[in-house]
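Reviewing the structure listed below.
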Amino acid sequence: FSLGAEPDPHLPGDAKIPNPDFGSGAILPPGLASGPFLLHSRGNTRVEEACEMYTRAANMFKIAKNWSAKLHMQLQSKHDSATSFVDAGNAYKKADPQEAINCLNAAIDIYTDMGRFTIAAKHHITIAEIYEAELVDIEKAIAHYEQAADYYKGEESNSSANKCLLKVAAYAAQLEQYQKAIEIYEQVGTNTMDNPLLKYSAKEYFFKAALCHFIVDELNAKLALEKYEEMFPAFTDSRECKLLKKLLEAHEEQNSEAYTEAVKEFDSISRLDQWLTTMLLRIKKTIQGEGDGDLK
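Under the numbering used here, residues 6 to 301 are what the sequence shown spells out, in order.
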């Protein structure tokens, strides 16, 4: 079996060759029209040789996608070019994350030039996810989530914009950029509290904003809590609001046991995620004598 058509020795290297991946008569990029791209089955072929050839074939596919994108650009076919850059970016994701980002950025430039900002936002999210999972560069992930949110807002896709902003707020708080996190949580909370379908989530955003205030200053947290109750009366009866009041009281009394007990009671009904656990621990460490205490 073979992965491509056998080149005709009588044709020049860049001649048209039938190929299932590029359509009949497509011009293949340099490196695919010649060279050891074919894989033939032989009785004595070792598994290692087959694996090596498949790897080379995969690499050739990635190169071809990138080359295809550039060829489409030369032909002034913006949409096809952007699509090819996206395909190349997806192919590079695991093997070469930085090259994947380069390809996706090239696609984004084309889409924004075409006024396709919703699609551009989607690819900014993909880049942010690569920075999160593959390159572990949270600052750059934040920048791409912010850009995606801006594009979504411009297209009035507020729900999608909020999802991106909430990712930014969570990371900002983890990086101790509390004011930035507070502004986003308050903004999203205010935007959702009057929406019948989303208002249930508003209490979560005001809760997180209050925790960020609490880490910075106890008085700030008290004032913020009063403001949130006034803005959103339903917040007062929530378990999150009641927990905040217990924590403020325990913190004012410098009572770490009462603080821990309030957290454990809340956790027994609504399990704390990693983000909330981290923020609550940071607050507890400000209680005198706590040092590196935990929530147990």
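For every residue, glycine included, the Cβ atom is placed at its ideal position computed from N, Cα and C.
{"Asked": "Alpha-carbon to alpha-carbon, Met198 and Gly120", "Found": "32 Å"}
{"Asked": "Tyr157 versus Glu137 - alpha carbon distance", "Found": "21 Å"}
{"Asked": "Proximal residues to Ala267 (C-beta, below 7 Å), its chain only, five neighbours per side dropped", "Found": "Leu248, Lys251, Leu252 and Ala255"}
{"Asked": "Minimum length 4: unbroken alpha helix (DSSP H) runs contained in the stretch 155-231", "Found": "163-179, 183-197 and 204-221"}
{"Asked": "Inter-stretch contact at 8 Å, needing at least 3 Cβ pairs: the stretch 201-208 / the stretch 266-286", "Found": "no"}
{"Asked": "C-alpha gap between Arg276 and Asp118, whole angstroms", "Found": "45 Å"}
{"Asked": "DSSP state of Gly120 mapped onto helix, strand, coil", "Found": "coil"}
{"Asked": "Reference Ala207; option with closest CA among Pro102, Asp242, Gln293 and Asp142", "Found": "Asp242"}
{"Asked": "Cβ pair Ile132, Pro102 closer than 7 Å", "Found": "no"}
{"Asked": "C-alpha gap between Lys289 and Tyr264, whole angstroms", "Found": "7 Å"}
{"Asked": "Pair within 7 Å by beta-carbon distance, Ala154 and Leu170", "Found": "yes"}
{"Asked": "Selected residue, minimal CA-CA separation from Gln179, among Thr283, Glu262 and Gln293", "Found": "Thr283"}
{"Asked": "Neighbourhood of Phe211 by C-beta, 6 Å cutoff - its chain only, sequence neighbours within 5 removed", "Found": "Gly194, Tyr233 and Phe240"}
{"Asked": "Of the residues Glu104, Val141 and Glu151, the one placed nearest Ala125, counting alpha carbons only", "Found": "Glu151"}
{"Asked": "Own chain partners of Ala177 with C-beta closer than 8 Å, once the 5 adjacent residues on each side are dropped", "Found": "Ile147, Tyr183, Lys185, Ala186 and Ile189"}
{"Asked": "Other residues of its chain near Pro41: CB distance less than 6 Å, five sequence neighbours each side excluded", "Found": "Its pLDDT being 43, under 50, Pro41 is placed unreliably in this model, and the value from its coordinates should be taken loosely. So the list is empty, once near-sequence residues are dropped."}
{"Asked": "Chain-order list of residues whose beta-carbon lies under 8 Å from that of Glu191 (same chain, five-residue window excluded)", "Found": "Tyr210, Phe211 and Ala214"}
{"Asked": "Best match in Ile143, Asp114, Gly94 and Ile106 for proximity to Lys83 [C-alpha to C-alpha]", "Found": "Asp114"}
{"Asked": "Nearest candidate by alpha-carbon position, reference Glu223, set Leu285, Gln279, Leu281 and Asn163", "Found": "Leu285"}
{"Asked": "Nearest residue (CA-CA) to Asn163, options Glu144, Cys246, Asp278 and Thr123", "Found": "Thr123"}
{"Asked": "Reduced DSSP secondary structure (H/G/I, E/B, other) of Asp92", "Found": "helix"}
{"Asked": "From Ala105, Thr291 and Leu109, residue whose alpha carbon lies closest to that of Leu216", "Found": "Thr291"}
{"Asked": "Lys269 (DSSP reduced to helix, strand or coil)", "Found": "helix"}
{"Asked": "Beta-carbon proximity of Cys108 to Ala93, cut-off 7 Å", "Found": "yes"}
{"Asked": "Test item: CB-CB of His128 and Ala111 under 7 Å", "Found": "no"}
{"Asked": "Pairwise C-alpha distance: Glu235 and Asn225", "Found": "16 Å"}
{"Asked": "Rounded Cβ spacing between Trp280 and Ala175 (contact assumed at less than 8 Å)", "Found": "6 Å"}
{"Asked": "Residue from Asn260, Gly159, Val173 and Ile220 whose Cα sits closest to the Cα of Ile130", "Found": "Val173"}
{"Asked": "Backbone CA spacing between Glu257 and Arg244 [nearest angstrom]", "Found": "20 Å"}
{"Asked": "With 16 other Cβ atoms within 10 Å as the buried cut-off, status of Ala100", "Found": "exposed"}
{"Asked": "Proximity test, Ile288 beta-carbon vs the ligand NAP heavy atom, cut-off 6 Å", "Found": "Annotation note on the ligand NAP: not contained in the displayed structure, which lists no ligands."}
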